[in-house]
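Per our numbering, the sequence shown starts with residue 1, numbered consecutively.
This report concerns only the one structure given below.
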Amino acid sequence: MMKFWKKRAEKEEEKAVRVMIELRKKSAEYEAMSTKWTTNQSERQSLRERVRDIEDALRARQQQLDTLLKALEEKNDQYDRDAHAYKTDLQEKEMQLGFLINKIREAAVHMVQLSNEAEDLSCQFPSSQQSSISEFLERVKKYSDIARKFV
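Structure, rendered in structure tokens:
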């Protein structure tokens, strides 16, 4: 009977050794899983921090872009105001220029009329005065020729 109990004790001891080996395996697996989980947690935390940093950088860039866009809109508005002012100024100058061109044309027409009248009058003066009158008429004719270009 002693043998029986001895054998049984050996079997129980073997069983206990197997269970102990199994427990050590499970413990090692648990340790590995725990280490992996801790590493994953650390990696996740690191990724969260990176995401936060990237989000902060994006917010800063967005704010910078908003500031630049606002400045660009202000410059564009100023450009529009300047362009409108230049256009208005140009229109005024064109009107003034048109007015002056009309005045020059009127003066040119008047000059041509005066030239024609001066020629008619030159025929009425005696030949002794013709020389000074003819110089005068030459000048009038010269100006008249210039004036005809504007008529």
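Cβ atoms here follow ideal geometry from the backbone N, Cα and C, with glycine treated the same way.
How many Å lie between residue i and residue j at the Cα?
i: Gln-96; j: Gln-63; result: 49 Å
i: Thr-154; j: Arg-50; result: As displayed, the chain neither begins before 1 nor continues past 151, which places residue 154 out of reach and without an answer.
i: Gln-78; j: Leu-68; result: 15 Å
i: Tyr-86; j: Asp-120; result: 50 Å
i: Ser-27; j: Ala-60; result: 49 Å
i: Gln-57; j: Lys-70; result: Residue identity differs from the one stated: residue 57 is Ala in this sequence, not Gln. Cα to Cα, the separation comes out at about 20 Å.
i: Glu-43; j: Glu-10; result: 48 Å
i: Trp-37; j: Phe-4; result: 48 Å
i: Asp-145; j: Ile-104; result: 14 Å
i: Glu-22; j: Arg-52; result: 44 Å
i: Lys-6; j: Leu-47; result: 60 Å
i: Lys-93; j: Ser-134; result: 41 Å
i: His-84; j: Lys-142; result: 44 Å
i: Asp-80; j: Leu-90; result: 15 Å
Let me know the secondary structure DSSP gives residue i once reduced to three states.
i: Lys-7; result: helix
i: Gln-124; result: coil
i: Lys-149; result: coil
Mind checking whether residue i and residue j have CB atoms under 8 Å apart?
i: Leu-137; j: Ala-118; result: yes
i: Leu-114; j: Val-140; result: yes
Output yes if chain D places a C-beta closer than 8 Å to the C-beta of residue i; else output no.
i: Glu-119; result: Protein chains in the displayed structure number just one, and chain D is not present.
Sufficient close CB pairs (3 or more, under 8 Å) joining the region 109-116 to the region 67-76: The region 109-116, when compared against the region 67-76, does not touch it at the 8 Å Cβ threshold.
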